[in-house]
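Below is one structure; the comments refer to it alone.
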Amino acid sequence: MSLAADPVEERSQALLKPHEGGPQSGRRWLLPVMLTLISLIWLFPLLLALVNSFRDYAFTAKNGYVSWGGFTFDNYTNAWQQADFGLHFANSAIITIPAVILTLFLSCCVAFVVARFSFKFNLALLGFFLAANLLPPQALLIPVYRMFRAIEVPLWISDSGTLLNSFVGLILVNMAFQIGFCAFVLSNYMKALPKELYESAVIDGASVTRQFFQITLPLCRPALAALAVLQTTWIYNEFFWATVLLQQGDKFPVTSSLNNLRGQFFTDNNLVAAGSMIVAIPTLVIFFVLQRHFVAGLTLGATKG
Amino acid sequence: MASKRKYRGIDQLSTRDKVVVSLMVIVPTLIVLWLVWLPAIGSVLLSFTNWDGIGPLSGIKSVGLQNYRDIATIYPPFWPAIQHNLIWLAVMFLVATPLGMLFAVLVDRGVAGTRFYQTSIYLPVVLSLALIGFIWQLIYSRDQGLINAITGGTTDWYGDPNVNLWAALVAASWRHAGYIMLLYLAGLKGVDPSLREAAKIDGASESQTFFKVVFPVMRPINIIVLVVTFIESLRAFDLVWVINKGRNGLELISTLVTQNVVGEASRIGFGSALATIMLLISSVLVFIYLRIAMKED
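Heads up: the sequence lines are chains A and B, in that order.
Each residue of the first sequence is one higher than the one before, counting from 1 in my numbering.
Each residue of the second sequence is one higher than the one before, counting from 1001 in my numbering.
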């Protein structure tokens, strides 16, 4: 023990010495190798599906998946026809687009009121919406199903004559479940906007409507972009409500229609792989093109910005 | 005229403004009340009745706790379902979530190629769990699946009730770990860098810095991750539904509720009791989540 040694000096010496596994140690290669390995394992199931979606069933049935060859594009054309993806993509669009737009608009309304004014009920209101987003949908199925079956709507809204088996019903349910999350994220975002903006708007005599459309919404564009991307993915992927509330197979969105590719006794896995890839394309496009927004949307909610 | 109005702070509202503000709150509130909260109350109330779903609502008779007694005693899939949900939760909590956190910590160290690693790991997050069930079929299928092709086995990984829960859990963890990694990574980025600096100067090792400094300051995000894990485990449905509609080794509470409503045998009161059990469990989690998420307000 040398009492004379400067403790600061001692510490900085220790810092210069290589740590085990640290950036200065001889095992610098370990982390990239580990991460590469993990990444490859994580990509593997998707790559397997991608490669085999381009392979002939007869070939892989004979040679197994641990082989090479038998490439064809037929699975895609067959899958498209057999599952009637044209129709189902249209259904997905009819459900997803209005649901996302309405969800975002109504969430903005709630968030605006909560963030702009200091009403006593603000916190309770936000809790009311956010909690709704977290309940298990299956637990609400029975009353929703019964109500939808009992509520009659004009035939021009739904050819089934009730909300059950109608796109409108499904859009409403999706909205009800997603407003909570979006309102929460947006209210946090709006609370960060400077109050002075509203002050000068009020002095200038701008109505609440004008403040909402001309001040708040334009400033929320980044948050709205992130949420739009996230909600499009979620509602497009939504499976439970679509499966139980739409009973005619021809109304199913793509996610619920994949089952059409499964035979009753026999399933051509390569065909299913091609179908899966077709269904995944919109979300993969979102993933590669709008990744930044997707991640931002997902993490905005958890970390308050 | 409006500009001549006397300024009384930013909360002043004209009559028209008041109508607009009311509408902005009332319309979304009514939708959520109608399609989430009323059904939640409905499930609880119906669980005490014997409604078969056919007669008029006026013919409903209260049966007290009979449905709950039946579930616990004469409904064979119930206890397996509870067990499966608990196993699901345990695997997510003990394997998938820590794995996601580990990935986040590794990715956060910023070695070259971070973007590639991060992207590969969370790629499954954009896919629906229903789709994931189909994709993993190439690995699990009995006759052509990759596992059997390599090992020469004949296990039907999706069909065999002894293994299919575990097969489903591997696929579910694949997605869950990526999701947790994303949430956790965002949290790690938010940690004040000077804390790490200070720990480093004090001579703490990497793991000491993480467990003694970074992990404790990330308490809010840790709890969010925990609650997300619990809620997702309770809501697990899509994956097992595409595999075999939640039968034969894959029973979960969520699939039992659905089978009791959509199937031929629509036992409303009975299914509602199952739904109420789900609601009870989730309400505890929701309560914790709300307290954390809204703490600052």
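The beta-carbon is built from N, C-alpha and C at its ideal position, and this holds for glycine as well.
For Q1144 of chain B, there is no enclosing alpha helix (DSSP H), as DSSP gives it neither H nor E. Pairwise C-beta distances place the stretch 1179-1188 of chain B in contact with the stretch 1095-1113 of chain B, as three or more of them are shorter than 8 Å. The three-state secondary structure of F71 of chain A, taken from DSSP, is strand. For T1049 of chain B, there is no enclosing alpha helix (DSSP H), since its DSSP letter is neither H nor E. Annotation for V1225 of chain B: T1097, I1180, L1183, Y1184 place their beta carbon closer than 7 Å to its own, counting only its chain and skipping 5 residues before and after. Approximately 18 Å separates the beta-carbon atoms of N165 of chain A and I235 of chain A; this is outside 8 Å, ruling out the contact. Here F1048 of chain B has S1062 as same chain residues with Cβ atoms under 6 Å from its own Cβ, once five neighbours each way along the sequence are excluded. Minimum Cα-Cα distance from Y1117 of chain B among the listed residues A:A296, A:L258, A:N260, A:I41 corresponds to A:I41.
Apart from the 5 residues on each side of it in sequence, V1227 of chain B sits with its Cβ closer than 7 Å to the Cβ of L1285, I1288, Y1289 in its chain, given in chain order. When rounded, the separation of the alpha-carbon atoms in D1052 of chain B and M1101 of chain B is 47 Å. Residue-level contact check: V1107 of chain B touches chain A, since one or more beta carbons of chain A fall below 8 Å from its beta carbon. Along the stretch 1273-1289 of chain B, the positions whose C-beta sits under 9 Å from a C-beta of chain A are L1274, A1275, T1276, I1277, M1278, L1279, I1281, S1282, S1283, L1285, V1286, F1287, Y1289, read in chain order. Counting every other CB atom within 10 Å of its CB across the protein chains shown gives S1254 of chain B a total of 16 or more, marking it as buried. Here S187 of chain A is actually not in contact with L123 of chain A; their C-beta atoms are around 10 Å apart, not less than 8 Å.
If you draw a straight line from the Cα of T1073 of chain B to the Cα of Q211 of chain A, it is about 60 Å long. Within the DSSP bridge table, the entry for R55 of chain A names A:F71 as partners.
Contact of M175 of chain A with chain B is assigned, a C-beta pair being separated by under 8 Å. Between T255 of chain A and W1136 of chain B, the alpha-carbon positions lie close to 16 Å from each other. For the stretch 34-47 of chain A, the set of positions with a beta-carbon nearer than 8 Å to some beta-carbon of chain B reads M34, L35, T36, I38, S39, L40, W42, L43, P45, L46 in chain order. Contacts with chain B (Cβ-Cβ distance below 8 Å) from the stretch 47-79 of chain A involve L48, A49, N52, T60, A61, G64, Y65, V66, listed in chain order. Ranked by Cα distance from R292 of chain A, the first of B:L1280, B:L1131, B:R1069, B:T1119 is B:T1119. Here L1094 of chain B is exposed, its C-beta having fewer than 16 other C-beta atoms within 10 Å. For I94 of chain A, the closest alpha carbon among the candidates A:C108, A:N133, A:N52, A:S158 is that of A:S158. Only buried fits W1174 of chain B, as 16 or more other CB atoms lie within 10 angstroms of its CB. Counting along the chain, the unbroken alpha helix (DSSP H) around R149 of chain A starts and ends at 141-150.
For T77 of chain A, the number of other beta carbons within 10 angstroms of its own is below 16, and it is reported as exposed. In the three-state reduction of the DSSP assignment, S1205 of chain B falls in the coil class. The Cβ-Cβ distance between Q138 of chain A and V1257 of chain B falls below 8 Å. Under the criterion of beta carbons closer than 8 Å, G1249 of chain B and L1165 of chain B qualify as touching, at roughly 6 Å. Between L140 of chain A and V1036 of chain B, the beta carbon gap of about 6 Å places them in contact (Cβ cut-off 8 Å). In the pairwise beta carbon analysis, the stretch 258-273 of chain A is classified as not touching the stretch 193-201 of chain A: fewer than three pairs are separated by under 8 Å. G1113 of chain B is classed as exposed because its beta carbon has fewer than 16 other beta carbons within 10 Å across all chains shown. Close partners of S1141 of chain B in chain A (Cβ separation under 8 Å): T267, N269.
Look at V185 of chain A: its C-beta is not under 8 Å from any C-beta on chain B.
One thing to note: V113 of chain A has its Cβ within 8 Å of the Cβ of M1024 of chain B. V1125 of chain B and G1190 of chain B do not touch by the CB rule: their CB atoms are close to 20 Å apart, not below 8 Å.
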